[in-house]
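Line by line, the protein sequences are chains E and G.
Read in order, the letters of the first sequence correspond to residues 10 to 238 in this note's numbering.
Read in order, the letters of the second sequence correspond to residues 10 to 238 in this note's numbering.
Beta carbons are placed, not taken as given, at the ideal position from N, Cα and C, and that holds for glycine.
As the structure is a prediction and not an experimental result, all values here were calculated from the model.
Here the structure comes first, spelled out in structure tokens, and everything after it is commentary.
2 protein chains.
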Amino acid sequence: TISMRGITKVFATDEMETHALRGIDLAIDTGDFVSICGPSGCGKSTLLSLLGLLDMPTSGSYQIEGHEVSGLSLSEAAYIRNEKIGFIFQSFNLIDELTVFDNIALPLRYRRSSIPKAEIDARVQACLQKVDMTHRSGHRPNQLSGGQQQRIAIARALVGNPALLLVDEPTGNLDSKNGDAVMEMLCELNRKGTTLCMVTHDPRYADMAGRKLHLLDGRILDADGAPLQ
Amino acid sequence: TISMRGITKVFATDEMETHALRGIDLAIDTGDFVSICGPSGCGKSTLLSLLGLLDMPTSGSYQIEGHEVSGLSLSEAAYIRNEKIGFIFQSFNLIDELTVFDNIALPLRYRRSSIPKAEIDARVQACLQKVDMTHRSGHRPNQLSGGQQQRIAIARALVGNPALLLVDEPTGNLDSKNGDAVMEMLCELNRKGTTLCMVTHDPRYADMAGRKLHLLDGRILDADGAPLQ
Ligand SMILES: Nc1ncnc2c1ncn2[C@@H]1O[C@H](COP(=O)(O)OP(=O)(O)OP(=O)(O)O)[C@@H](O)[C@H]1O
Ligand SMILES: Nc1ncnc2c1ncn2[C@@H]1O[C@H](COP(=O)(O)OP(=O)(O)OP(=O)(O)O)[C@@H](O)[C@H]1O
Ligand SMILES: [Mg+2]
Ligand SMILES: [Mg+2]
């Protein structure tokens with residue numbers, strides 16, 4: 010169970026402040042599937058990065074299983090993230106110097122509890138198969154099409170069997186057949202117990218979630234479209 | 010008028026060859042609006058990069074206004090591209106070290122025929138307004154949301170008033186309202202005479218084109234779905 014109360018995020022640049030999140034209250038239970046929609050620039054990726062401990066809020070409380078995590082050090086945050094959270098980034102964040110295989114293996118190789126090489130290789134192969142990219146495992150990300158890169162980013166987020174999967178626009182570069190295949194895989198994971206929080210512009214995919222949140226200007230809207238705060 | 014005959018593109022990596030395009034015949038007249046659809050990895054971005062002289066074919070003929078361009082030197086290709094072609098990339102290709110304003114101004118500053126600073130500034134401002142991003146012109150791309158970055162990439166492609174506009178998935182990161190606004194702008198440019206060739210996974214937007222091409226495994230399909238070659 011994760012819970013946010015009064016979460017704000019302000020980005021300060023030289024001459025202005027951008028209030029990306031203006032007071033978010035949010036509770037997600039284990040096994041939930043929540044989708045987040047809203048116009049470009051309204052705070053979706055920012056909210057996901059706070060949920061994923063990639064960044065810290067400006068104010069407010071963020072608790073995971075009853076523990077306050079909004080004040081964690083970067084290394085403590087990184088440990089929790091690596092063990093429990095999978096993240097599919099809007100711009101993929103693949104490492105060009107590494108092969109596809111090594112990109113997917115990286116989260117497992119980072120783990121403090123050292124995983125045997127044979128197990129890492131087996132898990133990477135399984136994820137490559139899930140996204141139908143085994144034939145390119147020796148190539149580099151910049152040798153792949155946009156949609157192929159997106160599928161590698163997805164495979165990397167899954168390889169650690171995360172308890173919480175945060176997904177930012179997973180189908181933006183995919184045709185509907187590949188997009189449907191990805192959504193089917195995500196729904197399957199959710200059925201097996203993975204908590205899933207997904208940002209998407211596609212209303213068809215947003216509707217697959219158990220609960221749909223709408224964001225506007227850094228706030229969550231209630232069912233009538235009025236800001237909840 | 011641009012025309013491709015027998016165009017192939019092979020990417021060679023150490024142990025394998027990827028046949029990205031396997032014989033493309035294609036004619037686009039001035040003022041046409043052509044959309045290109047097809048599954049992930051089928052060759053759409055590759056085709057667009059050849060059309061935009063960002064890369065050269067492995068074999069085949071590519072003519073622009075009757076001139077063979079498939080054998081041009083990189084600097085000759087760069088000159089034509091800078092003067093006549095606008096390109097919106099699937100992964101934006103914005104320059105993180107430059108402000109939003111300077112990113113959009115760059116194609117004009119590169120022109121051999123030197124454009125007065127006042128005119129450059131006016132044209133950049135006009136493009137910023139078209140994509141509703143004037144308020145962020147002093148920021149860097151990595152301070153923007155995914156959809157905001159996409160809008161800056163669009164503004165940069167338009168600032169040179171290109172005769173040919175090549176567009177790779179312009180709405181992948183945009184909500185439907187922003188996506189519709191972008192499509193309206195592209196249709197408007199086409200009505201005023203800009204030749205438009207657009208890759209998209211969105212069937213609603215593909216249908217706005219005067220002609221729809223479907224790609225599969227590096228080939229164009231005819232109306233019954235059979236490869237044209
Ligand atoms: N530099 C490269 N080296 C090797 N293979 C490449 C390179 N660039 C593209 N390819 C391969 O060529 C094929 C076509 O790629 P392309 O980017 O044109 O696909 P696409 O239709 O745009 O896909 P998407 O819808 O996923 O963006 C893919 O299999 C891709 O992996
Ligand atoms: N590092 C940063 N510095 C300054 N402003 C930022 C930074 N990151 C994000 N922002 C701003 O915060 C706001 C919310 O950004 P966010 O990326 O969360 O939007 P989004 O809802 O994901 O949009 P999109 O649908 O376009 O991806 C935007 O106005 C964005 O420009
Ligand atoms: Mg975003
Ligand atoms: Mg592509």
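Residues near residue i by beta carbon distance below 8 Å, same chain, minus five either side
i              : result
residue 29(G)  : 18, 19, 20, 52, 55, 227
residue 178(E) : 99, 208, 209, 210
residue 77(G)  : 70, 71
residue 39(G)  : 10, 172, 202, 204
residue 43(E)  : 37, 205, 206, 207, 218, 219, 220, 221, 222
residue 143(E) : 134, 137
residue 224(G) : 45, 46, 47, 51, 52, 53, 56, 230
residue 101(G) : 150, 158, 159, 161, 162
Helix, strand or coil at residue i according to DSSP, with G and I counted as helix
i              : result
residue 34(E)  : strand
residue 143(E) : helix
residue 71(E)  : strand
residue 77(E)  : strand
residue 56(E)  : helix
residue 42(E)  : strand
residue 206(E) : strand
residue 89(E)  : helix
residue 29(E)  : strand
residue 118(G) : helix
residue 149(E) : coil
residue 229(E) : strand
residue 224(G) : strand
N-terminal and C-terminal residue of the beta strand (DSSP E) that residue i is part of
i              : result
residue 95(G)  : 94 to 97
residue 64(G)  : No beta strand (DSSP E) contains residue 64(G), which DSSP labels as neither H nor E.
residue 175(E) : 173 to 177
Rounded C-alpha distance that separates residue i from residue j
i              : j              : result
residue 84(G)  : residue 93(E)  : 50 Å
residue 63(G)  : residue 195(E) : 36 Å
residue 229(E) : residue 182(G) : 20 Å
residue 203(E) : residue 217(E) : 15 Å
residue 68(E)  : residue 16(E)  : 6 Å
residue 113(E) : residue 22(G)  : 20 Å
residue 141(G) : residue 187(G) : 10 Å
residue 127(G) : residue 163(G) : 21 Å
residue 97(G)  : residue 170(G) : 13 Å
residue 33(G)  : residue 231(G) : 12 Å
residue 153(G) : residue 37(G)  : 35 Å
residue 197(E) : residue 189(G) : 32 Å
residue 149(G) : residue 104(G) : 8 Å
residue 35(G)  : residue 13(G)  : 5 Å
residue 139(E) : residue 184(E) : 17 Å
residue 191(G) : residue 155(E) : 20 Å
residue 193(E) : residue 75(E)  : 31 Å
residue 214(G) : residue 180(G) : 9 Å
residue 157(G) : residue 107(G) : 15 Å
residue 212(G) : residue 160(G) : 20 Å
residue 25(G)  : residue 81(E)  : 47 Å
residue 131(E) : residue 124(E) : 11 Å
Span of the alpha helix (DSSP H), counted from its first residue to its last, around residue i
i              : result
residue 166(E) : 155 to 167
residue 188(G) : 185 to 200
residue 215(G) : 212 to 215
residue 21(E)  : Element bounds for residue 21(E): not the alpha helix (DSSP H) but the beta strand (DSSP E), 11 to 21.
Proximity test, residue i beta-carbon vs ligand 5 heavy atom, cut-off 7 Å
i             : result
residue 64(G) : The ligand content of the structure shown is limited to ligand 1, ligand 2, ligand 3 and ligand 4, which means ligand 5 is not among them.
Contacts around residue i, its chain only, beta-carbon distance under 7 Å, and the 5 residues preceding and following it disregarded
i              : result
residue 58(G)  : 64
residue 91(G)  : 116, 119, 120
residue 133(G) : 110, 113, 114, 168
residue 66(E)  : 16, 17, 18, 59, 79
residue 166(E) : 95, 96, 97, 174
Residues near residue i in its chain [Cβ-Cβ closer than 6 Å; skip 5 each side]
i              : result
residue 176(G) : 97, 207
residue 174(E) : 95, 203, 205
residue 199(E) : 42, 205
residue 146(E) : 109, 110, 137
residue 73(E)  : 11
residue 86(E)  : 62
Under 7 Å from the C-beta of residue i: neighbouring residues of chain C
i              : result
residue 156(E) : Structure shown: chain C not included; protein chains present are E and G.
Any residue with its C-beta under 5 Å from a non-hydrogen atom of ligand 2 counts. Can you list them all in chain order?
Every residue passing the under-5 Å Cβ criterion appears here: 20(E), 27(E), 29(E), 49(E), 50(E), 51(E), 52(E), 53(E), 54(E), 55(E), 152(G), 153(G), 154(G), 155(G), 156(G).
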